[in-house]
Amino acid sequence: MQRMISKSNITVASPDDLADLARLQEELETARQCMNICTKADSDLKENVSVVENYATGDAIQFMVSTDGKTIHGMNRGLGWRTRQIGGYLSDATVVQLSQDMSRINVQGLRSSGEFPQSSSESDAVPGNWQRHGPGFRLRAKPIPDGVPPVSDSAKSMQ
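What follows is the structure, given as structure tokens:
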């Protein structure tokens, strides 16, 4: 562009033409600066944004955290009875502690001890209600420890 202006000084006699060329040179420089700004912003965005998409079915623990200050762009989706989700900006120590705490929850232990809900059978369902409220599940009765009287006996002893 500068070469064109130098050559144009010889051939262009009008001061208006020289002013137009100077304005075009300024616009070209401004466009270059804008391109540099956009290129830098794009590379910074790619370097400083974590893109995460978590999807889990069943019992799941989902972590979507940033420990280094990067921006998080993501989604946690989970389908299950015991889906747990953690998200945000946390310190390394907090993530370690949460991970340890969550790993202590033993779903298999709950199933084997009978505390995990069992799905109800079709014979237990009230006709028509399951369509509106879902099939539900039956809670198992917990065994009564030795030495604890049934409710009816304890009610009699209070009288």
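So that you can map any letter, position 136 of the sequence shown is 136 in full-length UniProt numbering, and since no number is skipped, the others follow by simple counting. In this text, a Cβ means the ideal position worked out from N, Cα and C, and glycines have one as well.
Do you know offhand how far residue i's Cα is from residue j's?
| i | j | result |
| --- | --- | --- |
| R104 | D59 | 14 Å |
| D42 | C34 | 12 Å |
| P143 | T67 | 46 Å |
| S99 | T57 | 19 Å |
| V51 | V65 | 11 Å |
| D17 | R23 | 10 Å |
| F63 | A93 | 14 Å |
| T83 | R77 | 9 Å |
| V95 | Q85 | 12 Å |
DSSP three-state call for residue i: helix, strand or coil?
| i | result |
| --- | --- |
| S103 | helix |
| A93 | helix |
Can a CB atom of chain C be found closer than 9 Å to the CB of residue i?
| i | result |
| --- | --- |
| W81 | Within the model displayed, chain C is absent; a lone protein chain is all it includes. |
Could you please give the first and the last residue of the uninterrupted beta strand (DSSP E) stretch that includes residue i?
| i | result |
| --- | --- |
| A22 | Unbroken run through A22 is the alpha helix (DSSP H), 15-48; no beta strand (DSSP E). |
| R77 | 71-79 |
Practice problem: Determine, using beta-carbon pairs with one atom in the stretch 67-81 and one in the stretch 37-56, whether at least three such pairs fall under 8 Å. | Solution: yes
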